[in-house]
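In what follows, a single structure is set out as structure tokens and then discussed.
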Amino acid sequence: MPELPEVETVASGVHERVAGDRVVEVWLGSYREPFKTPPQRLARGLEGRVFRSIHRTGKHIVCELAESAGGDVSAQWIVHLGMTGRLLVTTPDAPVEPHTHARLRLKSGQKAERELRFVDPRRFGRLELRDLRREAAFTAPGVEPLTVALEDFAALFHGRKLAIKAALLNQSLLSGVGNIYADESLFRAGIRPRRQAGRLRRDELARLHAALQQVLRHAIELGGSSVSDYVDANGVRGFFQLEHCVYQRKGEPCRTCGTLIRKIIVAGRGTHYCPHCQR
Numbered sequence: 101m102p103e104l105p106e107v108e109t110v111a112s113g114v115h116e117r118v119a120g121d122r123v124v125e126v127w128l129g130s131y132r133e134p135f136k137t138p139p140q141r142l143a144r145g146l147e148g149r150v151f152r153s154i155h156r157t158g159k160h161i162v163c164e165l166a167e168s169a170g171g172d173v174s175a176q177w178i179v180h181l182g183m184t185g186r187l188l189v190t191t192p193d194a195p196v197e198p199h200t201h202a203r204l205r206l207k208s209g210q211k212a213e214r215e216l217r218f219v220d221p222r223r224f225g226r227l228e229l230r231d232l233r234r235e236a237a238f239t240a241p242g243v244e245p246l247t248v249a250l251e252d253f254a255a256l257f258h259g260r261k262l263a264i265k266a267a268l269l270n271q272s273l274l275s276g277v278g279n280i281y282a283d284e285s286l287f288r289a290g291i292r293p294r295r296q297a298g299r300l301r302r303d304e305l306a307r308l309h310a311a312l313q314q315v316l317r318h319a320i321e322l323g324g325s326s327v328s329d330y331v332d333a334n335g336v337r338g339f340f341q342l343e344h345c346v347y348q349r350k351g352e353p354c355r356t357c358g359t360l361i362r363k364i365i366v367a368g369r370g371t372h373y374c375p376h377c378q379r
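Here this note's numbering runs 100 ahead of the position in the sequence shown, where the first position is 1.
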């Protein structure tokens with residue numbers, strides 16, 4: 101599943117390409133799974149709207165929509181990529197990939213027409229429209245990992261008995277962190293994933309806070325991790341997977357000490373760590 105760096109990369113790429121464009125036509129597929137909002141209502145809410153901005157909130161892409169180029173934001177199109185979802189900017193005559201569930205034809209001034217397409221083979225992604233005149237704006241359930249202060253970060257885990265890996269994956273605590281970046285951050289902080297979250301020392305939490313933000317920012321710089329289907333808005337793979345220290349490296353030597361990387365299960369998720377570097 102795309103995590104914070106991948107979703108940030110896609111959202112930024114879509115914003116760069118389509119901000120200011122108007123939706124002139126909407127085509128939606130026949131499968132019901134991707135549509136959190138009924139397709140007919142979704143199409144009506146999108147057609148004629150202008151993309152004012154596109155940004156990431158947690159693991160969601162939030163498209164701010166207005167009635168006109170200079171108008172106030174009156175609706176949001178919210179895209180969750182699920183396991184295999186992609187949001188691609190292309191030309192209208194580009195071949196339509198299998199498992200395409202939404203095509204938005206866009207136009208802006210003298211620029212050539214474009215299409216914004218949602219493709220999702222496994223159909224775990226979700227498309228939602230919110231009318232801000234009647235509904236609340238979308239918010240993530242947890243705090244933002246890239247900006248949370250150390251004091252607030254440490255407070256998230258106070259008294260919690262669950263494993264620190266499980267705590268990092270809890271979206272009601274931190275919105276956007278997934279399996280890849282939890283493993284990589286714990287490695288860089290030198291903390292074993294099964295350590296009880298509420299028993300971590302202050303200095304360990306400070307290391308983890310710094311490691312998490314550094315890993316996430318560096319992954320964004322490299323366009324995210326392409327370990328499965330992930331590509332950015334232009335169809336380009338990310339590069340951070342080349343710098344993974346532990347994730348999906350079971351049985352390979354640690355890049356720091358040479359000890360073989362181990363894989364265990366924590367909170368039902370495959371978890372990778374170095375038994376020498378992480379205590």
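Backbone N, C-alpha and C fix where the C-beta goes; we use that ideal spot for every residue, glycine too.
What you are looking at is a predicted structure, and each value in this text was computed from that prediction instead of being measured.
The beta strand (DSSP E) enclosing residue i, as first and last residue numbers
i, result
"I364", "R362 to V366"
"G370", "R369 to Y373"
"A236", "A236 -> no beta strand (DSSP E), and no H or E assigned at all."
"L128", "R122 to L128"
"T200", "T200 to K207"
"V189", "R186 to T190"
Rounded separation between residue i and residue j - CA only
i, j, result
"G298", "R307", "15 Å"
"S153", "A249", "26 Å"
"G351", "C377", "15 Å"
"A282", "G209", "44 Å"
"P192", "G129", "16 Å"
"G381", "E125", "Nothing in the structure corresponds to residue 381, since the chain is present only between 101 and 379."
"P353", "L268", "25 Å"
"S112", "L262", "34 Å"
"E147", "G368", "41 Å"
Residues bridged to residue i [DSSP beta-bridge criterion]
i, result
"C163", "I154 and W177"
"A263", "Q296"
"F135", "L227"
"R144", "According to DSSP, R144 bridges with nothing at all."
"P195", "Paired residues: none, contrary to the question."
First and last residue of the uninterrupted alpha helix (DSSP H) at residue i
i, result
"C217", "The displayed chain sequence assigns Arg, not Cys, to residue 217. That residue, R217, is in no alpha helix (DSSP H); its beta strand (DSSP E) goes R214 to V219."
"V107", "L104 to V118"
"A254", "L250 to F257"
Distance CB(residue i)-CB(residue j) smaller than 9 Å
i, j, result
"T356", "E228", "no"
"A134", "D220", "The residue you asked about is not Ala; residue 134 is Pro in the sequence shown. Taking 9 Å as the Cβ cut-off, P134 and D220 qualify as a contacting pair."
"D121", "L206", "yes"
"T184", "R222", "yes"
*Give, in chain order, every unbroken run of the beta strand (DSSP E) that is at least 3 residues long and sits entirely within the segment 262 to 345.*
none
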